[in-house]
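So the number in the numbering used here is just where the residue sits in the sequence shown, counting from 1, plus 18.
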Amino acid sequence: MTELDEKPQTPEERHLFTRPHKSDLVTPTLNHLNLATQDLDKVLKLAFAHEEEYAKLREAIETKSDEIKKMTKEKEKLRKDHDAEVEENALLQETITRPRETVAQKNKEVEHQKVHCEIAFEMWDKASKTVDQLKLDMTAKGETIAPLQVKGRKFEQGKKSYSMMKEALGDS
């Protein structure tokens, strides 16, 4: 027999040369597995809790996003309404301003026409007095007034027309 074949005699020696029992190896492994399983359960619970929070946050974000979209559409609608009102106000302002300008221009034209009419009335009055004076002079000299009477009638009719126009302008 060799030295290796000899069996140890003391318990310490026997412990050194004996193999450990399988149960001695399995127990620590099971303990590690149990601890790992417990840790995994905790991690999964935390993950599910975080996933629920994440789902709630995602839902809140989607809700806010929808609200923002609605508010943006409303803002665009209000902007379009405002732009339409501004354009309408500009058109109204132009509609108001244009007649004022037209009225002012027409008033200037009427004043100009009135001045011309007054000048024409003065000339008419002078011509009328001149014709009346000629009639008187011719009658005093004993001359015939026949050729002037034809013109005189037309002249008298024109004089009446101008007198009526002058009165109408004077009244207004």
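Cβ coordinates follow ideal geometry from the N, Cα and C atoms, glycine included.
For residue i, the nearest candidate out of the options (CA to CA)
i	options	result
A186	D84, K153 and C135	C135
For residue i, the three-state DSSP class (helix, strand or coil)
i	result
T28	coil
E129	helix
E202	Past the edges of the chain, shown from 19 to 190, lies residue 202, and the structure says nothing about it.
E71	helix
E161	coil
E185	helix
Whole-angstrom C-beta distance between residue j and residue i, which should lie under 8 Å
i	j	result
F139	K184	5 Å
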